[in-house]
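Chemist:
Residue numbers (the numbering used here): 20 to 167.
(1) Is residue 66 closer than 9 Å to residue 53 when the C-beta atoms are compared?
(2) I need the straight-line Cα distance from residue 40 to residue 148, nearest angstrom please.
(3) Please name the residue in 127, 114, 43 whose C-alpha comes closest to that of residue 69.
(4) To the nearest angstrom, report how far apart residue 133 and residue 25 are at their CA atoms.
(5) For the stretch 38-105, list the beta strand (DSSP E) runs that are entirely contained and at least 3 residues long, ordered along the chain.
(6) Touching or not, the stretch 91-103 and the stretch 55-64, by the rule of three or more beta carbon pairs under 8 Å?
(7) When the distance is taken between beta carbons, is residue 28 closer than 9 Å to residue 76?
(8) Where residue 23 and residue 74 are concerned, what is the direct C-alpha to C-alpha distance, given to the nearest angstrom?
(9) Taking the alpha helix (DSSP H) that residue 143 falls in, what are its first and last residues?
(10) Taking the alpha-carbon positions, what's the residue 108 to residue 151 distance?
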């Protein structure tokens, strides 16, 4: 009875989690992710490839599976190429962890600034109103109790 290689089980997990058309292979000690489009042309179907930057060993299998599933979600949700999704995933992985400090420790001006930045794609009049409202939030004395 032959033992199954670790990557064969990983390929089955990827097919089960991500569906057909997603595959991995070893290239120079690194993991290459391939997305194959099914256009009915057998071996001539178009493909996209990216290098994940993870190692190729049994100890890296969980990281590989997580990376493939995360990249697939980015491709599906943003309708972007595999290379763009990999770049977004890499940026998220490299980003420092967010602070878990309470809002009071970070300061309200920072919270307001981040909120306004998250709404930057709105119309000009909406942004003008939003800036006005957020300025009023900063001017509100938080130490006083509200009447009631």
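Glycine residues also receive a C-beta, built at the ideal position from the N, C-alpha and C atoms.
Modeler: Based on what the coordinates show:
(1) In the chain shown, the residue the question calls residue 53 occupies position 34. In the chain shown, the residue the question calls residue 66 occupies position 47. In this structure, residue 66 lies closer than 9 Å to residue 53 by Cβ.
(2) Mapped onto the chain shown, residue 40 falls at position 21. Mapped onto the chain shown, residue 148 falls at position 129. Taking the straight line joining both Cα atoms gives about 47 Å.
(3) For the purposes of this step, residue 69 is taken as the residue at position 50 of the chain shown. Per the Cα distances, 43.
(4) To locate residue 133, count along the chain shown from 1; it is residue 114. To locate residue 25, count along the chain shown from 1; it is residue 6. When the Cα atoms are used, residue 133 and residue 25 turn out to be separated by approximately 44 Å.
(5) Annotation note: the stretch 38-105 contains the following uninterrupted beta strand (DSSP E) runs of length 3 or greater, listed N- to C-terminal: 41-46, 49-55, 66-74.
(6) Counting Cβ pairs under 8 Å, fewer than three are found: no touch.
(7) In the chain shown, residue 76 corresponds to position 57, counting from 1. In the chain shown, residue 28 corresponds to position 9, counting from 1. Residue 76 is not a Cβ neighbour of residue 28, given a cutoff of 9 Å.
(8) If you number the chain shown from 1, residue 23 lands on position 4. If you number the chain shown from 1, residue 74 lands on position 55. So the two alpha carbons sit approximately 19 Å from each other.
(9) Here residue 143 refers to the residue found at position 124 when the chain shown is read from its first residue. Per DSSP, residue 143 belongs to the alpha helix (DSSP H) from 143-158.
(10) If you number the chain shown from 1, residue 108 lands on position 89. If you number the chain shown from 1, residue 151 lands on position 132. Using only the alpha carbons, I get a separation of about 35 Å.
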